[in-house]
Ligand code: 5GP
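Below you can see the structure in the form of structure tokens.
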């Protein structure tokens with residue numbers, strides 16, 4: 007799992023990591039959040055609340071979380087045999103998955119500075135109020151995350167962070 011507060015660049019790093027390692031299978035989450043202007047259509051499986059809740063009732067999620075008024079969930083993974091599942095998930099989700107599978111490896115991705123994180127949130131079109139709420143939540147999430155994770159990686163550059171993650175993966179695969 008790649009976890010951490012919003013705005014640290016988890017999705018970019020997760021996509022690049024999956025592209026760099028063919029034995030990784032990147033899960034696509036469901037969300038009730040509307041798609042942002044310019045956001046990729048396949049960034050999530052975008053659904054309305056009734057559709058989300060119906061899947062949840064059928065036990066179709068590994069975990070779900072509520073984040074700033076919207077629901078997010080990891081569908082029960084269906085990775086091809088031999089592939090490792092990669093989740094990009096917030097800290098509440100990581101805690102749930104860890105409880106279900108104590109062998110799951112959690113990496114907390116953190117921004118190099120609060121300024122860099124605010125800049126990233128603004129750049130993707132969130133308004134000032136939203137940025138402020140997300141930063142407040144982010145500080146809490148980072149503190150909680152540090153208590154449950156196996157590794158902390160600073161996203162000072164996506165390329166460097168992916169390199170570090172490949173090393174972490176290699177070390178865990180070698181020891182399991
Ligand atoms: P955003 O709205 O910025 O795309 O995502 C908000 C937060 O929800 C981010 O921290 C993101 O990593 C997290 N998130 C995305 N998908 C899931 C999911 O399936 N489960 C959980 N628990 N969090 C998710």
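Residue numbers (this note's numbering): 7 to 182. Positions of the beta carbon are idealized from the N, C-alpha and C atoms, including for glycine.
- Taking C-beta separations shorter than 7 Å and ignoring five residues to either side along the sequence, the partners of residue 104 in its chain run 110, 112 and 154, following chain order.
- The alpha-carbon separation between residue 163 and residue 23 amounts to approximately 13 Å.
- Remark: the shortest separation between the CB of residue 95 and any heavy atom of the ligand 5GP falls under 7 Å.
- Residue pairing by DSSP leaves residue 147 without any beta bridge partner.
- The three-state reading of DSSP puts residue 173 in helix, counting H, G and I together.
- For residue 79, DSSP records a beta bridge to 36 and 70.
- Under the three-state reduction of DSSP, residue 9 is assigned to strand.
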